[in-house]
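Have a look at the structure below before the remarks.
Number of protein chains: 2
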Amino acid sequence: MKFKIAKKDFLDALSLSSRAISSTTPLPSLSGIKISVTDNSLVLVSSDSNISIRTAINNNDSAALIIEETGEIVLNARFLLEIVRKIDSDFIEVETIDGTLIKISGGNSEFKVNGMEADEYPLINFESRDNNPFKLDTTLFNQIIDETAFACSDKETRPVLTGVNFKAKGNKLYANATDSYRLASKTIDIDQDLDFNITIPSKYLSEIYHAIANEEQVTIAIDTQKISFIFGNSIIDTRLLDDDFPDTSRLIPNSYSQKLTVSSKEMINAIDRTLFIKSDGKNTVKMNIDPEKIELTATNQSMVSSFETIKVISYEGEPLEISCSGKYLQDAIKAIGSDEITINFSGELKPMVVKKEGDDSLIQIISPVRTYR
Amino acid sequence: MKFKIAKKDFLDALSLSSRAISSTTPLPSLSGIKISVTDNSLVLVSSDSNISIRTAINNNDSAALIIEETGEIVLNARFLLEIVRKIDSDFIEVETIDGTLIKISGGNSEFKVNGMEADEYPLINFESRDNNPFKLDTTLFNQIIDETAFACSDKETRPVLTGVNFKAKGNKLYANATDSYRLASKTIDIDQDLDFNITIPSKYLSEIYHAIANEEQVTIAIDTQKISFIFGNSIIDTRLLDDDFPDTSRLIPNSYSQKLTVSSKEMINAIDRTLFIKSDGKNTVKMNIDPEKIELTATNQSMVSSFETIKVISYEGEPLEISCSGKYLQDAIKAIGSDEITINFSGELKPMVVKKEGDDSLIQIISPVRTYR
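Residue numbers (my numbering), protein chains in the order written: chain U, -11 to 361; chain D, -11 to 361.
Put into structure tokens, the structure is as follows:
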């Protein structure tokens, strides 16, 4: 194996590959990246067995890759990335010296790394049985992740809640995420008639988010147990969560008894000042709302308390006292991203609905906590 | 107790006070800052019992402090700093509500914190018995810290080595730091005839460094067990290390058999590329030096190795093979801070001397490690 490659292209490909590398893998070969050099391309494969990435650089793409000898090797991802990042040269040469001993050089630097035989690397099948892949704008896809993924559960007690559920039906795409105390629910119209119901682990969505950020569109293929994201010369396969995602539509109240509109920025800043006040590691804010103002309070066990007064833009209904996680309320308002925020209440123990007035495409639901007096 | 203060001034004073707060203190009151309000000043005292800080804001300094009622209280440093930082207002009001319950308010925010009685706070004596304090430029003092403190030991096995030794004698000030594998040694001429020999713990030097960074001069008073840094309305007292600092002058070789001059930047960058190659957690670089070039190599247990070639500016003596910590060599070259660096060798097992050619005011000594073949 022998090739010369532009440092920038190699580094980009290795950075992408590294997104599938786990620091704790039981299989030694999975701490490596499989490099396969054929007559006309360099292919990198990496995997933690839940997310797998294949990316190729073709030598006809540009003069950035010159292949002198084909071959395969598995090289430790962390060392490889560190070496290529550090070499002070526009071009990098990679060459088999003897068996699995590889030389990586550029400028005045020369590194030797002992790799593993490529046949020790597990076979990863990047084929998909989906005959009907579809394209999606990456801006839209990443916006959906921004608006929902934060609401996923970070506990493994109910694995399916650690993912974002994507459901397509009759030209609509629904994305839902919940940890059972809050729900982020996004609905968008799509110009394709798709039919699927899948849940993608949020930690892999975060890798996909960054991997596709510079692309315009991504092609998505859905198989029984995995989803493939295809862009440029790359493909990312991610395992899906098996269990059925709960039916979240029944969690969304369809009437309300109180309706509050307030400045998003003032709410976010007021909550921000109280976030350090925690009891049992949790920050809870109590809101006393009337047509004039919200009085927002938080208290902890060390007898520290805060009291914030926030002007109300409009309020309908009886005065209300309600408590909830300050962090959850802040997350919800940030995800909506509008200047003003509307919160619909149905009483002090019923879920509150946070949204932009007149826009039901994105709603954030938060369960209140009981107010202790 | 009741006062109103400009947020900026209060925050600056609290940030300074917080430098003496330890997150792990056995004495509950030491997690707090003692606030004493007299007719004409606000005084903050903080301490972790090794470093103590007293800072005052006088109400005749400016209109930035308005005292309405005198009094004393101890308030949790972390909460207090968080609250004052977060309050969105140019002025902050602090007021005793009832006993030890204090209200801190500004803008639309109001916080209540339960403090501790000031008489629960230990008595800290900021007086010094030094009748002959002297002034030092902070730029010079901080430069000495930059050039030496990194060479202190981070292990408590020999406590005196965790500090920088300052010795003054006959218009000379000597600063030395060593972890017994390397030595940073600075000598400066001073226009005062001082006589002392003290060792200041490096972790407190780092706090002093930042605390005095914006001052021009600092007044220093030395007592038997402590040193005081006096600037503006503030005083920082730091415990000294008891044990005798070893005599480092005999570690400095006064002759050499090889002398190398090389570009600092090229050496720093070449070492930088090898730093990730560690055996037993340590990065060791081997240098093969001849009149033309340095061949710098590093190897780890995972069979990763690097090979760097660095052009020599000048070299006197026989070719030499010598190994040392890459990090130590890099630290030494960075501390010297000149474009070119000179290294004097006395053989492969003798300490090497890193310095700027023709300047003996700062020398860095590094013990080599045995080269394994």
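For glycine and all other residues, C-beta sits at the position ideal for the given N, C-alpha and C.
With a 10 Å radius around the Cβ and a threshold of 16 neighbouring Cβ atoms, U:Asp36 comes out buried. Shown in chain order are the members of the stretch 90 to 114 of chain D whose Cβ falls below 8 Å from a Cβ of chain U: Asn96, Ser97, Glu98, Phe99, Lys100, Val101 and Asn102. Per DSSP, U:Gln131 is one residue of the alpha helix (DSSP H) stretching across Thr126 to Thr136. The beta carbon of U:Thr249 sits no closer than 8 Å to any beta carbon of chain D. When the five nearest sequence neighbours on each side are left out, the beta carbons in the same chain lying within less than 8 Å of the beta carbon of D:Arg73 are those of Leu(-1), in order along the chain. In the three-state scheme derived from DSSP, where H, G and I count as helix and E and B as strand, U:Gln213 is classed as coil. According to DSSP, U:Val206 shares a beta bridge with U:Leu124. Counting only the Cα atoms, U:Ile210 lies some 28 Å from U:Thr12.
Here the alpha carbons of U:Ser302 and U:Ser251 stand approximately 10 Å from one another. The shortest C-alpha to C-alpha distance from D:Leu2 to any of D:Ala156, D:Val62 and D:Leu284 is the one to D:Val62. The three-state secondary structure of D:Asn257, taken from DSSP, is helix.
Contact note: U:Thr297 reaches chain D through Asn96, using a C-beta cutoff of 7 Å and chain order. Taking a C-beta cut-off of 8 Å against chain D, the contacting residues of the stretch 267 to 299 of chain U are Ser290, Met291, Val292, Ser293, Ser294, Phe295, Glu296, Thr297 and Ile298, listed in chain order. Counted as a single uninterrupted DSSP element, the stretch harbouring D:Ala163 is not any alpha helix (DSSP H) but the beta strand (DSSP E) occupying residues Lys160 to Thr166. Scanning chain D for C-beta atoms nearer than 7 Å to the C-beta of U:Glu345 yields nothing, as the closest lies near 23 Å away. Judged by their CB atoms, D:Ile265 and D:Ile321 are not nearer to each other than the 8 Å cut-off. Taking 8 Å as the cut-off, the beta carbon of U:Ser168 is found no closer than this to the beta carbon of U:Leu182. U:Ser302 is bridged by DSSP to U:Thr249. For D:Lys274, the secondary structure class from DSSP, reduced to helix, strand or coil, is strand.
Among the CB atoms of chain D, one or more fall inside 8 Å of the CB of U:Glu70. Comparing alpha carbon positions, the residue from U:Leu239, U:Asp125, U:Glu304 and U:Gln205 closest to U:Ile176 is U:Asp125. In the same chain as D:Lys270, and ignoring 5 residues on each side of it, the C-beta atoms closer than 7 Å to its own belong to Ser313, in chain order.
Between the stretch 144 to 161 of chain D and the stretch 102 to 116 of chain D, the count of Cβ pairs shorter than 8 Å is below three; the stretches do not touch.
Using a Cβ-Cβ cut-off of 8 Å, U:Asp179 does not count as an interface residue toward chain D, since no Cβ of chain D sits closer than that to its own. The beta carbon of D:Glu81 sits closer than 6 Å to the beta carbons of Lys(-8) and Ser93 from its chain, once the five residues preceding and following it are set aside; these are given in chain order.
Of all residues in the stretch -8 to 13 of chain U, none places a beta-carbon less than 9 Å from a beta-carbon of chain D. A Cβ-Cβ separation of about 7 Å places U:Ala323 in contact with U:Phe138 under the 8 Å criterion. Here U:Ser293 is bridged, per DSSP, to U:Thr287 and D:Lys100. Not a single C-beta of chain D is nearer than 8 Å to the C-beta of U:Phe79. Sorting D:Ser355, D:Glu108, D:Ile23 and D:Glu98 by C-alpha distance to the C-alpha of U:Phe295 places D:Glu98 at the top. Taking all protein chains in view, the Cβ of D:Gln213 is surrounded by fewer than 16 other Cβ atoms within 10 Å, so the residue is classified as exposed.
Within 10 angstroms of the beta-carbon of D:Pro279 lie fewer than 16 other beta-carbons, which makes it exposed.
Interface flag for U:Asp260 against chain D is set, since a Cβ pair is found closer than 8 Å. In this structure, the straight-line span from the alpha carbon of D:Ala156 to that of U:Pro16 is close to 58 Å. The beta-carbon of U:Asp235 is placed no less than 8 Å from the nearest beta-carbon of chain D.
Judged by pairs of C-beta atoms under 8 Å, the stretch 284 to 292 of chain D does not touch the stretch 222 to 239 of chain D, as fewer than three such pairs exist.
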